[in-house]
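So the structure is just underneath, and the comments pick up after that.
This is the structure in structure tokens:
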């Protein structure tokens, strides 16, 4: 049994899932980020699965998504990289609110996400060593090169400046010192699977892949599968 609610934390509405009766107990926490044009509610099946495994799950909406959506779909489509950057910037406030609420057991805090959310998770991993483990599903940490083909921004130089410090290419040792799960469908038609392969190869080339779990699913396009969900739960059950 689990409990699932929406509530406010750190100034924003979140989806909050816990094992039944554990609401007042510190628990290992997974912060999960959803994909572009989606919402925390659409990805709530991750909250259910992880809470059933014993975790507290906190799912925020990205800026201009879910409960924060302005209603202007066209404007949002032109703000992918700005929204990603804003989510990265907001993490420290969310982290502080989690600890102030007494929700985190010890230092057992992890981050995960899918698509844009996976990019958010990787960016957070480059800057926050207190995050104990990370799962990135069908994402990428190579923001400045990917932004040339995925939702290309009008002001590329500005976006490059905003995102450069969060790039995985500048932080491979920081990605290597904690457990990291990468999952990707090899037929992904939105975020190329080559993005995950590039990171896998970079870590292997530097001998930094001891904490890396990399899973591929044949014939899968840009979507989450039961295997991806199960692999995420199993990963955090082992590494958080």
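Numbering (this note's numbering), first residue to last: 996 to 1235.
The beta carbon of each residue, even a glycine, is placed where N, CA and C say it ideally should be.
Everything numeric in this text was worked out from a predicted model, so none of it was measured.
Residue range of the unbroken beta strand (DSSP E) whose run includes residue i
| i | result |
| --- | --- |
| residue 1210 | 1207 to 1212 |
| residue 1055 | 1051 to 1055 |
| residue 1104 | 1099 to 1109 |
| residue 999 | 997 to 1004 |
| residue 1040 | From DSSP, residue 1040 is part of no beta strand (DSSP E) but of the alpha helix (DSSP H) over 1039 to 1047. |
| residue 1008 | 1007 to 1014 |
Presumed contact (8 Å Cβ cut-off) between residue i and residue j, rounded CB distance
| i | j | result |
| --- | --- | --- |
| residue 1176 | residue 1198 | The Cβ separation is near 13 Å, so there is no contact. |
| residue 1109 | residue 1030 | 5 Å |
| residue 1026 | residue 1089 | 7 Å |
| residue 1186 | residue 1121 | Contact flag wrong, Cβ pair sits at about 18 Å. |
| residue 1035 | residue 1059 | That pair is no contact at about 13 Å. |
Residue nearest to residue i in terms of C-alpha spacing, selected from the options
| i | options | result |
| --- | --- | --- |
| residue 1140 | 1133, 1127, 1158, 1129 | 1158 |
| residue 1223 | 1132, 1189, 1160 | 1132 |
| residue 1181 | 1211, 1190, 1195, 1172 | 1211 |
| residue 1128 | 1174, 1160, 1135 | 1174 |
| residue 1077 | 1194, 1150, 1044 | 1150 |
C-alpha distance - residue i paired with residue j, whole-angstrom precision
| i | j | result |
| --- | --- | --- |
| residue 1114 | residue 1002 | 25 Å |
| residue 1086 | residue 1213 | 33 Å |
| residue 1070 | residue 1202 | 43 Å |
| residue 1038 | residue 1153 | 31 Å |
Counted within 10 angstroms of its Cβ, other Cβ atoms place residue i as buried (16 or more) or exposed
| i | result |
| --- | --- |
| residue 1091 | exposed |
| residue 1184 | exposed |
| residue 1227 | buried |
| residue 1191 | buried |
| residue 1051 | buried |
| residue 1232 | exposed |
Limits of the alpha helix (DSSP H) - the one that residue i falls within
| i | result |
| --- | --- |
| residue 1218 | Neither: residue 1218 is in no alpha helix (DSSP H) and is coded neither H nor E. |
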